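Chemist: First, the structure itself, so that you have it in front of you.
Numbering (the working numbering), first residue to last: 7 to 324.
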């Protein structure tokens, strides 16, 4: 029996590498990848040619331009236009190539800034977005709408998956453009090495965030790809928005996670909060009941995940 072929777009990023690892551990799929040098997904003709040549059965769409508050604030055009170009090219090429299933990876920032907690999938487009990452959020919302539009118009089975804040092996530890948790790992590590007396953390420390270890997300993606046709079809029925959250179901304050990173790294100096810097959204806790009802639940706790993440940082940057 022929193994189904899966193309993982963006396989070198945090989410893509976790997906690749989970698929290879599964062993039941033929996995296809291309590096950015081999295939620029912003190149429409090249993307179309690749899909028509390879004709994968499934696609996991992890490719995106991503970053933290500073990157989003300083590069809004890049976060909007680059992501829209990638998505348009992949969706159109996937449809032309007759892709059976596609999982599009978005971000929890698609939800309104001040929506009720925990955040249900139904809260999409019910209020204003967080201003600091609105261009990126709008691009990802367009991806969700593309899934639904293709499903309604062409009968495709495209599912948008909204993960919470991710961290783990392969993360981006750039000092200015990374997300909060990898930025904290780098900051505390460098302070430890330099013997700095204190580390400054942006904001009041009060916002609450949910953090999920990347290998758990990879497992969730493989779980969804393995669903029987009838159960997967229910998630992408033309009458419903094809959207599902994935997270751990609990959150911590930024100060609490900073203290946890400090302990993991072994930094003994002082933690200082700079309340003059932006906090971002006050709280983002996803309601993961829909995915858990299907039979999947995250397994990696924050303390364990941070240990693995710091080990990865030391191997790559230590």
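Quick reminder that beta carbons are idealized off the backbone N, C-alpha and C, glycines included.
Keep in mind that this is a model prediction, so the values were computed, not measured.
Distance, Cα to Cα, residue 69 vs residue 95?
Modeler: Distance between the alpha carbons of residue 69 and residue 95 is about 12 Å.
Chemist: Residue 4 by DSSP, collapsed to three states: which one?
Modeler: The structure shown does not extend to residue 4, since the chain spans only 7 to 324, so no value can be given for it.
Chemist: By DSSP, does residue 8 sit in helix, in strand, or in coil?
Modeler: Reduced to three states, the DSSP call for residue 8 is coil.
Chemist: Can you give me the start and stop residues for the alpha helix (DSSP H) that residue 56 sits inside?
Modeler: Segment 50-60, the alpha helix (DSSP H) holding residue 56.
Chemist: Please report the residue range of the beta strand (DSSP E) in which residue 208 lies.
Modeler: Residue 208 -> beta strand (DSSP E) spans 204-208.
Chemist: Would you call the region 135-144 and the region 267-280 in contact, with 3 or more CB pairs under 8 Å?
Modeler: Judged by Cβ distances under 8 Å, the region 135-144 makes no contact with the region 267-280, as fewer than three pairs qualify.
Chemist: Give the DSSP bridge partners of residue 37, in chain order.
Modeler: The partner list for residue 37 (beta bridge, DSSP) reads 12.
Chemist: For the beta strand (DSSP E) containing residue 107, name the first residue and the last one.
Modeler: Counting along the chain, the beta strand (DSSP E) containing residue 107 begins and ends at 107-111.
Chemist: Decide yes or no for the touch test of the region 283-293 against the region 239-246: beta carbon pairs closer than 8 Å, at least 3 of them.
Modeler: Short answer: they don't touch.
Chemist: Could you check the C-alpha separation between residue 230 and residue 165 for me, to the nearest Å?
Modeler: One C-alpha to the other measures close to 10 Å.
Chemist: Pick helix, strand or coil for residue 268, following the three-state DSSP scheme.
Modeler: Here residue 268 sits in helix by DSSP.
Chemist: When the cut-off is 8 Å and only beta carbons count, does residue 132 lie next to chain C?
Modeler: Going by chain labels, chain C is absent from the structure shown, which holds only one protein chain.
Chemist: With distances taken between CB atoms, is the gap from residue 71 to residue 116 smaller than 8 Å?
Modeler: In this structure, residue 116 does not lie closer than 8 Å to residue 71 by Cβ.
Chemist: Within 10 Å of its beta-carbon, does residue 326 have 16 or more other beta-carbons around it, so buried, or fewer, so exposed?
Modeler: Nothing in the structure corresponds to residue 326, since the chain is present only between 7 and 324.
Chemist: Considering just the uninterrupted stretch of the alpha helix (DSSP H) at residue 166, what are its terminal residues?
Modeler: From DSSP, residue 166 is part of no alpha helix (DSSP H) but of the beta strand (DSSP E) over 164-169.
Chemist: I need the DSSP call for residue 279, collapsed to helix, strand or coil.
Modeler: Three-state result, residue 279: strand.
Chemist: Using a Cβ-Cβ cut-off of 6 Å (strictly less than) and excluding sequence neighbours within five positions of residue 65, which residues of its own chain qualify?
Modeler: So the qualifying residues of the chain are 13, 100, 105 and 108.
Chemist: What are the boundary residues of the beta strand (DSSP E) that residue 356 is part of?
Modeler: Beyond the ends of the chain as shown, which are 7 and 324, falls residue 356; an answer cannot be given.
Chemist: On a CA-only basis, which of 30, 102, 144 and 35 is nearest residue 86? Give me that one, please.
Modeler: For residue 86, the nearest C-alpha among the options comes from 144.
Chemist: Quick check on this structure: which residue in 222, 168, 167 and 192 has the alpha carbon closest to the alpha carbon of residue 178?
Modeler: Residue 178 has its Cα closest to that of 192, out of 222, 168, 167 and 192.
Chemist: Answer yes or no: the CB of residue 15 versus the heavy atoms of the ligand GDP, is any distance below 7 Å?
Modeler: You won't find the ligand GDP in this model; it holds no ligand whatsoever.
Chemist: Taking Cβ positions, are residue 257 and residue 214 nearer each other than 8 Å?
Modeler: Yes. Within cutoff.
Chemist: Can you give me the C-alpha to C-alpha distance between residue 297 and residue 251, rounded to a whole angstrom?
Modeler: When rounded, the distance between both Cα atoms is 7 Å.
Chemist: Below 8 Å on the Cβ atoms is my contact criterion, and I expect residue 217 with residue 308 to pass it. Report the Cβ-Cβ distance as a whole number of Å.
Modeler: With 8 Å as the limit, residue 217 and residue 308 qualify as a contact, their Cβ atoms being about 6 Å apart.
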